[in-house]
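What follows is a single structure, written as structure tokens, with notes after it.
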Amino acid sequence: MTSSPPSARPPLPPFPEDFLWGVSTSAHQIEGAADEEGRAPSVWDAFTAEPGRVKDGSTAAVATDHYRRYRQDVALVEDLGVGAYRFSVSWSRVVPAGTGPVNRAGLDFYDRLVDELCAHGVLPAPTLFHWDTPLALEEGGGWLVRDTAYRFAEYADAVAARLADRVGLWLTINEPAEVTLLGYALGEHAPGRRLLFDALPAAHHQLLGHGLAVQALRARGATQIGIANSHSPVRAVSPAAADTAAADFYDMLTNRLFADPVLLGRYPDESLAALLPGPVDADLKVISEPLDRYGVNYYQPMLIGAPGTGTGEFAGIELPAELPFSVREIEGRPRTAFGWPVVPEGLSEQLTLLRQRYGDRLPPVVVTENGCSYDGVDDQERITYLDGHLRALHRAMAAGADVRGYFVWSLLDNFEWAEGYAQRFGLVHVDYDTLARTPKASYHWLREALRGLRD
């Protein structure tokens, strides 16, 4: 993939003055200090301890040592010139057993982090759950059981009681689709269950937990509350009926199953809803608590065909033959180091689709994650990626999409889940031996681009 030097790029088109620029991280991927000051294990600690679960055999016990180096990292955020920092709170650091007593030392860390961000003029934007369920809860059934949703609401209340006076944007749950599909259905992520469609209760209980958490946050005076759902525009490989039916099913399973209940108060398919546990109709009233923001994580579109005729893989994961769709390769596009196709217009397509599908039920949108994995510090490919996606975002906004913010994934190179440390998504390079931080070319490009927008 070729890239123009930064000096040759035209300036970004103008964005609104109050547009929120930010960077994102998550607790398990950066914090380290895995067994310090009262933190208990999460499902990801148990998962990475199992041989063969992580490609390079690594764990996040140290990660980038953000727990000790957070002041240095906040300084990097300030120097970058963005207005917000999206981080996640480790549930097992704050409530080690997932329920019961709050670990004061763990909550103190986030108190210090929020104070540090405020002192540097950066808006704190915490996510309450980014995949790291306390292990004790998982051993009792995790998100497959209804009780976990209520324990999540208790934890949300404890965090809000301490932080709500200074937080400017709340996200309840990050990517419940990935937890359900990769964690419970396919077993490629923690907790490593391979339940296929028997994983659906995990989807419902996460969404119920989201709604209960929204109620808990509001009761503590929190404002600007949303959820961060992953979204990919889904395209059928051909107009053949079998391919379009497969694409529609994939869209329902990965997009609408998690957006419709939140935004419309109903599930997209009655037969699917019938598989869900509990008083679903009553739960949907909680799940659809009105939101102030709707978070969208975008990385790539998906090309889908009828089962049995595709690659049989998704993101390097071998898909079971019994699924009613196949994932196809998007050809003719540059690829990231992760092998993902670079399709900036997919972001415009997705934002337009959300507006068309949900109308006035869709709150103002924040792109809560968008980014790419590339090696090296002189990461011209990442500059090209970000430049293209920001222009695509601007086109969607010019066409009427109400988007209020954009967060790059990620501030730092970090522990990339089942990939270990092989994939580097950061604007800042991390030497995993010394933990030294080195801003990459993309960091400097984005800083100058944002300065240009302000001038």
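At position 79 of the sequence shown (counting the first as 1) the number is 79 in the numbering used here, and the numbers step up by one without a gap.
Where a beta carbon is used, it is the ideal one built from N, C-alpha and C, also for glycine.
The structure presented is a predicted model; accordingly, all values stated were derived computationally and were not measured.
- Could you check what DSSP says for Val365 in three-state terms: helix, strand or coil? Residue 365 sits at position 365 when you count from the first residue of the sequence shown. Note: Val365 maps to strand in three-state DSSP.
- Query: Using CA coordinates, which residue listed in Trp143, Arg68 and Thr64 is at the minimum distance from Asp108?
  - Reply: Locating residue 108 in the sequence shown gives position 108, counting from the first residue. Closest option to Asp108, Cα to Cα, is Arg68.
- Task: Measure the beta-carbon distance from Glu369 to Asn297 and round it to whole angstroms, keeping in mind my assumption that it falls under 8 angstroms.
- Result: Taking the sequence shown and counting its residues from 1, one reaches residue 369 at position 369. Taking the sequence shown and counting its residues from 1, one reaches residue 297 at position 297. Indeed, because the Cβ distance is near 4 angstroms, the residues count as touching under 8 angstroms.
- Quick one: measure Cβ to Cβ for Leu291 and Ile330, integer angstroms, because I've assumed they're closer than 8 angstroms. As a working note, residue 291 is residue 291 in the sequence shown. As a working note, residue 330 is residue 330 in the sequence shown. At roughly 31 angstroms, the Cβ-Cβ gap does not stay under 8 angstroms, so Leu291 and Ile330 are not in contact.
- Query: Are the Cβ atoms of Leu453 and Leu427 separated by less than 8 angstroms?
  - Reply: Here residue 453 refers to the residue found at position 453 of the sequence shown. Here residue 427 refers to the residue found at position 427 of the sequence shown. Not a contact, by the Cβ cut-off of 8 angstroms.
- Run through DSSP, which three-state label would Ser92 get? The residue you call residue 92 lines up with position 92 of the sequence shown. Three-state result, Ser92: helix.
- How big is the Cα-Cα spacing for Ala199 and Ala247? Within the sequence shown, residue 199 is the residue found at index 199, counting from 1. Within the sequence shown, residue 247 is the residue found at index 247, counting from 1. Using only the alpha carbons, I get a separation of about 20 angstroms.
- Query: How long is the line joining the alpha carbons of Leu113 and Val122, rounded to whole angstroms?
  - Reply: Along the sequence shown, read from residue 1 onward, the residue named residue 113 stands at position 113. Along the sequence shown, read from residue 1 onward, the residue named residue 122 stands at position 122. Spanning the two alpha carbons is a distance of roughly 11 angstroms.
- Query: By how many angstroms is the C-alpha of Ala136 removed from the C-alpha of Arg151?
  - Reply: Reading the sequence shown from its first residue, position 151 is the one you call residue 151. Reading the sequence shown from its first residue, position 136 is the one you call residue 136. Cα to Cα, the separation comes out at about 12 angstroms.
- Item | CB contact flag (Val237, Arg146, <8 angstroms) | Position 237 of the sequence shown, counting from 1, holds the residue named residue 237. Position 146 of the sequence shown, counting from 1, holds the residue named residue 146. Taking 8 angstroms as the Cβ cut-off, Val237 and Arg146 do not qualify as a contacting pair.
- Query: Could you give the distance in angstroms between the alpha-carbon of Arg93 and the alpha-carbon of Glu31?
  - Reply: Your numbering for residue 93 matches position 93 in the sequence shown. Your numbering for residue 31 matches position 31 in the sequence shown. Going from the Cα of Arg93 to the Cα of Glu31 covers about 11 angstroms.
- Straight-line Cα distance separating Asn174 from Arg86: Your numbering for residue 86 matches position 86 in the sequence shown. Your numbering for residue 174 matches position 174 in the sequence shown. Using only the alpha carbons, I get a separation of about 11 angstroms.
- Query: Quick one: is Gly401 buried, meaning 16 or more other Cβ sit within 10 Å of its Cβ, or exposed?
  - Reply: Residue numbering aside, residue 401 sits at position 401 when the sequence shown is read from its first letter. This sequence places Ala at residue 401; Gly is not what is there. Classification for Ala401: buried.
- Message: Rounding to the nearest angstrom, what Cα-Cα distance links Pro41 and Ala8 in this structure?
- Response: Indexing the sequence shown from 1 puts residue 41 at position 41. Indexing the sequence shown from 1 puts residue 8 at position 8. Between Pro41 and Ala8, the C-alpha separation is close to 48 angstroms.
- Reference Leu323; option with closest CA among Leu195, Ala125 and Gly359: As a working mapping, residue 323 is identified with position 323 in the sequence shown. Nearest option by C-alpha distance: Leu195.
- Message: With a threshold of 6 angstroms on Cβ separation, who are the neighbours of Gly211 within its own chain once the five nearest residues in sequence on each side are excluded?
- Response: The residue given as residue 211 occupies position 211 in the sequence shown. Taken in chain order, the residues that qualify are Val286, Ile287 and Glu289.
- Task: Taking Thr438 as the reference, give the member of Pro124, Ala203, Asp379 and Ala449 with the closest Cα.
- Result: Within the sequence shown, residue 438 is the residue found at index 438, counting from 1. The candidate whose alpha carbon is nearest that of Thr438 is Asp379.
- Message: What ranges does the beta strand (DSSP E) occupy inside the stretch 119 to 184, keeping only unbroken runs of at least 3 residues that lie completely in it?
- Response: 123 to 129 and 170 to 174
- Could you check where the beta strand (DSSP E) with Trp21 kicks off and where it finishes? In the sequence shown, counting from the first residue as 1, residue 21 sits at position 21. Unbroken beta strand (DSSP E) run through Trp21: Leu20 to Ser24.
- Would you mind working out which of Ser88, Ala34 and Ala185 sits nearest Val62, comparing C-alpha positions? The residue given as residue 62 occupies position 62 in the sequence shown. Selected option, being the one with the closest Cα: Ala34.
- Query: Given that a residue counts as buried once 16 or more other Cβ atoms are within 10 Å of its Cβ, and exposed if not, what is Ala213?
  - Reply: Here residue 213 corresponds to residue number 213 of the sequence shown, with the count starting at 1. That one is buried.
- Message: In the DSSP output, what is Ala236 paired with across the bridge?
- Response: Sequence index remark: in the sequence shown, residue 236 carries index 236 (1-based). DSSP output for Ala236 lists Ile304 as bridge partner(s).
- Message: Considering only their Cβ atoms, is the gap separating His394 from Phe15 smaller than 8 angstroms?
- Response: Translated into positions along the sequence shown, residue 15 becomes position 15. Translated into positions along the sequence shown, residue 394 becomes position 394. Yes. Within cutoff.
- Runs of alpha helix (DSSP H) wholly within the stretch 249 to 302 (minimum 4 residues, chain order): 257 to 264, 270 to 273 and 280 to 287
- Message: Using a 10 Å radius around the Cβ and a threshold of 16 neighbouring Cβ atoms, would you call Thr124 buried or exposed?
- Response: Against the sequence shown, residue 124 aligns to sequence position 124. For the record, residue 124 in the displayed sequence is Pro; it is not Thr. Classification of Pro124: buried, given that the 10 Å Cβ count is 16 or more.
- Look up Val82 in the DSSP assignment and say whether it is helix, strand or coil. As a first step, residue 82 is located in the sequence shown; it is residue number 82 there, counting from the start. In this structure, Val82 counts as coil in the three-state DSSP scheme.
- Do the CB positions of Glu138 and Pro191 come within less than 8 angstroms of each other? Counting from one through the sequence shown, the residue named residue 138 turns up at place 138. Counting from one through the sequence shown, the residue named residue 191 turns up at place 191. Taking 8 angstroms as the Cβ cut-off, Glu138 and Pro191 qualify as a contacting pair.
- According to DSSP, is Tyr443 helix, strand or coil? In the sequence shown, residue 443 corresponds to position 443, counting from 1. In this structure, Tyr443 counts as helix in the three-state DSSP scheme.
- Query: Given a threshold of 16 other Cβ atoms within 10 Å of its Cβ, counted over all protein chains shown, does Gly308 qualify as buried or as exposed?
  - Reply: For the purposes of this step, residue 308 is taken as residue 308 along the sequence shown, with counting starting at 1. Under this definition Gly308 is an exposed residue.
- Task: Could you pull the start and end residues of the beta strand (DSSP E) that Val428 belongs to?
- Result: Translated into positions along the sequence shown, residue 428 becomes position 428. Per DSSP, Val428 belongs to the beta strand (DSSP E) from Val428 to Val430.
- Query: Would you call the CB atoms of His389 and Leu347 closer than 8 angstroms?
  - Reply: As a working mapping, residue 389 is identified with position 389 in the sequence shown. As a working mapping, residue 347 is identified with position 347 in the sequence shown. Yes, the Cβ-Cβ distance between His389 and Leu347 is below 8 angstroms.
- Message: Per the DSSP calculation, Pro191 is bridged to which residue(s)?
- Response: Position 191 of the sequence shown, counted from the first residue, corresponds to residue 191. The partner list for Pro191 (beta bridge, DSSP) is empty, contrary to what the question assumes.
- Message: Using the Cβ count rule (16 or more neighbours within 10 Å means buried), how would you classify Glu381?
- Response: Working through the sequence shown from its first residue, we reach residue 381 at position 381. Glu381 comes out buried.
- Message: Rounding to the nearest angstrom, what Cα-Cα distance links Val95 and Leu80 in this structure?
- Response: In the sequence shown, the residue the question calls residue 95 occupies position 95. In the sequence shown, the residue the question calls residue 80 occupies position 80. For Val95 and Leu80, the distance between alpha carbons rounds to 33 angstroms.
- Ala399 beta carbon less than 8 angstroms from that of Thr352: Indexing the sequence shown from 1 puts residue 352 at position 352. Indexing the sequence shown from 1 puts residue 399 at position 399. Taking 8 angstroms as the Cβ cut-off, Thr352 and Ala399 qualify as a contacting pair.
- Query: According to DSSP, which residues form a beta bridge with Arg437?
  - Reply: Translated into positions along the sequence shown, residue 437 becomes position 437. The partner list for Arg437 (beta bridge, DSSP) reads Val430.
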